[in-house]
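These notes concern the structure reproduced below.
Numbering (the numbering used here), first residue to last: 1 to 103.
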């Protein structure tokens, strides 16, 4: 069963930035890429790095721990040492809030 979860106000995430959001057991990174919002797990799949604290270049996030890179839109690995994609979530903006679907 899919559950909709409100994460934050859309205007809390400026264009080209990320925000760490914790909601229950979820620790997420909310990205604003050219006005479109994307959400991934915040923890890097390679180590304890926080993706919301990483360096954003276009639609790629570079982890602040070992500099591995992920595609923000798909979660796919762009550059090692990361080998496992990061989980992404179906994301929408509703009534000014960033909302995701969680299975």
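We treat Cβ as the ideally placed atom computed from N, Cα and C, and that holds for glycine.
Being a predicted model, the structure only gives us computed values, none of them experimental.
Quiz item: From what residue to what residue does the beta strand (DSSP E) around residue 97 run?
Solution: That run of the beta strand (DSSP E) goes 97-102.
Quiz item: Between the Cα of residue 24 and the Cα atoms of 6, 68, 53, which residue gives the shortest distance?
Solution: Checking every option, the nearest Cα to that of residue 24 belongs to 6.
Quiz item: Going by C-alpha distance, which of 102, 101, 93, 83 is nearest residue 36?
Solution: Measuring from the Cα of residue 36, the nearest candidate turns out to be 93.
Quiz item: Relative to the C-alpha of residue 9, which residue among 101, 44, 97, 102 is closest?
Solution: Ranking the options by Cα distance to residue 9, first place goes to 97.
Quiz item: Could you give the distance in angstroms between the alpha-carbon of residue 56 and the alpha-carbon of residue 41?
Solution: Looking at the two C-alpha atoms, the distance is approximately 15 Å.
Quiz item: In whole angstroms, what is the alpha-carbon distance linking residue 62 and residue 13?
Solution: So the two alpha carbons sit approximately 18 Å from each other.
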